[in-house]
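Per UniProt numbering, residue 1 is the first one in the sequence shown, and the count goes up by one each step.
By construction, the Cβ of each residue, glycine as well, lies at the ideal position given by its N, Cα and C atoms.
Fair warning: this is a prediction, and the values are worked out from it, not measured in the lab.
Structure first, then comments.
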Amino acid sequence: MALASKLCGLSSQLFRNKAFLYSTARCYSDKPMPWSILWKPGVYSEKNHDKIAEKYNLHPKEYKPAPQEECVGDYPDMPMIGPAAKDPYYPYDIPTYRKNYKETVHHHFEIMGEDRFSYGYKYRIDLRLASAIFIAFMLTLFGITYLLEPYPSFMPVMEKQYPQKGKVHYTFESANP
């Protein structure tokens, strides 16, 4: 009985959550159902061009199969645009990946995360220029270190002072007898 009440409480919490309801309705509203086996790349044929484009949610004029050496089957040739290059203010269905449900992605989508190399992102400084600046800076530091090696730096310290034998410097006994 307690298990049933816990399960009913859990289901009522899920249905009160508007984000859960919205994502469920958005994901399962269209046909076919979003099972990955439905989007496995098949064999490309010119006569099924329109059906294949519809399978990947593309217009027939936009659909072009990927080269066979890159991808097997009828998967479309998508541009390499990483999530960092997309609009950050657009209300994506999956904001972590800046992706919408049923959006066709590049077949190397797993290497294009924001924590990896950002394809299509325009950097403020060109990567070659940034690499050249880094190498020049490091060579400058190594050069300064090499040139100043004959002139070591140290902290000046006086020699250790030890108390003389037979002379009492301090005592823990009271001065008044």
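Check	Outcome
Coarse secondary structure for I81, derived from DSSP in three states	coil
Residue environment, A84, which counts as buried when at least 16 other CB atoms sit within 10 Å	buried
Whole-Å CB distance - Y123 paired with M112, under 8 Å assumed	Going by Cβ atoms, the distance from Y123 to M112 rounds to 16 Å, so no, they are not a contact pair.
D74 - containing alpha helix (DSSP H), residue span	Element bounds for D74: n/a, residue is neither H nor E.
Reduced DSSP category for K55 - H, G, I as helix; E, B as strand; rest coil	helix
Element boundaries [alpha helix (DSSP H), containing S131]	L127 to L147
I94 - partner residues in DSSP beta bridges	K99
Straight-line Cα distance separating R116 from Y56	26 Å
Nonlocal neighbours in the same chain, by C-beta distance under 8 Å from H106, ignoring five residues either side	M78, P79, M80, I81 and M112
Rounded straight-line distance, which links the Cα of F154 to that of Y89	55 Å
Inter-residue Cα distance where the pair is G143 and D126	26 Å
CB contact flag (C71, P41, <8 Å)	yes
Local Cβ density within 10 Å of P91, reported as buried at 16 or more and exposed below that	exposed
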